[in-house]
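In full-length UniProt numbering, the protein residues as written are 1 to 133. Beta carbons: idealized from backbone N, C-alpha and C, even for Gly. Computed from a predicted structure; not experimentally measured. Down below is the structure, laid out as structure tokens.
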Ligand SMILES: [Zn+2]
Ligand SMILES: [Zn+2]
């Protein structure tokens, strides 16, 4: 499978030559701030299967001790985040809203439901975690 994605202005675009795994809808406060919405939906791609174009338009931000976020410096689209540690060495997390190729995950997980926006209700049967597993 090959997925294409881009920021809103097109300065940064990317291709994933492989699968998107470990889909998470993260409801933590940080993801609310970063997305400007109720949650941030992301999937993971192997580093060697992810090709990013327009690196010079990308800005990074050390969001927590454990994660760096990447966004377009021109339009502000949230594109990627990079967890530190073993998982981050293998995978890059991709904000699913930036995909241009249709992607229909069969399952996903809700993280940090104890921080969920009170104005948003989870209405699917997917697994929920109060924090992260
Ligand atoms: Zn952009
Ligand atoms: Zn989060």
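Indicate the three-state DSSP secondary structure (helix, strand or coil) for residue i in the structure shown.
i          : result
residue 30 : helix
residue 57 : helix
residue 6  : strand
residue 37 : coil
Within its chain, find whatever has a CB closer than 7 angstroms to the CB of residue i; leave out the 5 residues flanking it on each side and keep chain order.
i          : result
residue 77 : 7, 8, 71 and 98
residue 46 : 18, 90 and 91
Once the 5 residues before and after residue i are set aside, which same chain residues still bring their CB inside 8 angstroms of it?
i           : result
residue 114 : 130 and 131
residue 128 : 109, 110, 113 and 122
residue 79  : 5, 7, 12, 14, 58, 70, 71, 72, 94, 95 and 98
residue 61  : 68, 69, 70 and 71
Below 6 angstroms CB to CB, which residues in the same chain sit around residue i once its five sequence neighbours on both sides are set aside?
i           : result
residue 120 : 38
residue 105 : 23
At the level of alpha carbons, what is the spacing between residue i and residue j?
i          : j           : result
residue 25 : residue 42  : 7 angstroms
residue 4  : residue 125 : 28 angstroms
Can the beta-carbon of residue i be found closer than 8 angstroms to that of residue j?
i          : j          : result
residue 55 : residue 83 : no
What does the shell around ligand 1 hold, if a residue joins when its beta-carbon is under 7 angstroms from any heavy atom?
7, 8, 9, 10, 11, 12, 57, 72, 74, 75 and 77
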